[in-house]
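Trainee: According to the working numbering, the sequence shown is numbered sequentially starting from 1349.
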Amino acid sequence: MTGGNGAGLKGQPDVLNGPFTTRQLLRLDEALRLADSSTGLTFSIYVGDLDEPVRGHAEQLHGQLADPPHSVLIAVSPNQRILEIITGGEARRRLPDRAAKLAALSMAAAFGGGDLAAGLVAGLSQLADHAGRH
């Protein structure tokens, strides 16, 4: 995932300068791997500032993924207090807006408690559970 000003997961060097400890990065990497393998979809996380319009910027980032139709992007901008979940066309068939909104609510609750990584891990798990096995 291309990182821009923020930290992207999936092998980008800029994650080392991001808001996560090594232990949190390992937890996030494992959560991403589990979500990917259990669903057949590709989950990605972007953490950083989002340009206006925020939704459009998140959609642009999603479009840069290797397989956008089968991908889910969780874009979080802690500084702006913004969370966007973008699903590709095929992913949306298994993850309707309602499921994404429920996951966003649980992530936002964890973020409010000050734990960005735990919120992302919980959100990934919830999204993967809803998407089901491939």
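Using N, Cα and C, we set each Cβ at its ideal position, and we do this for glycine too.
For the beta strand (DSSP E) holding P1407, just list the boundary residues, first then last.
Mentor: As written in the sequence, residue 1407 is Glu, which differs from the Pro given in the question. Per DSSP, E1407 belongs to no beta strand (DSSP E); it is in the alpha helix (DSSP H), V1402 to G1411.
Trainee: For the alpha helix (DSSP H) that F1368 lies in, which residues bound it at each end?
Mentor: Neither: F1368 is in no alpha helix (DSSP H) and is coded neither H nor E.
Trainee: Would you report the Cα separation of L1382 and S1425, rounded to the nearest angstrom?
Mentor: Their Cα atoms are separated by approximately 24 Å.
Trainee: Kindly give me the distance between the Cβ atoms of L1472 and L1380, rounded to whole angstroms, as I take these residues to be in contact under 8 Å.
Mentor: The Cβ separation is near 7 Å, so the contact holds.
Trainee: When you measure from the CB of L1389 to every non-hydrogen atom of the ligand ZN, does any distance come out below 7 Å?
Mentor: Here there are no bound small molecules, and the ligand ZN is not part of this structure.
Trainee: Once you ignore the five residues that flank H1405 on each side, which residues in its own chain have a CB closer than 6 Å to its CB?
Mentor: If we look at H1405 and ignore the five residues flanking it on each side, its Cβ neighbours are L1398 and D1399.
Trainee: Have a look at S1385 and Q1428 and give me their C-alpha separation to the nearest angstrom.
Mentor: Using only the alpha carbons, I get a separation of about 31 Å.
Trainee: Below 8 Å on the Cβ atoms is my contact criterion, and I expect E1432 with A1423 to pass it. Report the Cβ-Cβ distance as a whole number of Å.
Mentor: Indeed, because the Cβ distance is near 4 Å, the residues count as touching under 8 Å.
Trainee: Are the beta-carbon atoms belonging to A1466 and A1458 less than 8 Å from one another?
Mentor: It is a contact, given that the beta carbons lie within the stated cut-off.
Trainee: Determine the DSSP secondary structure at L1398, reduced to helix, strand or coil.
Mentor: L1398 falls in the coil class under three-state DSSP.
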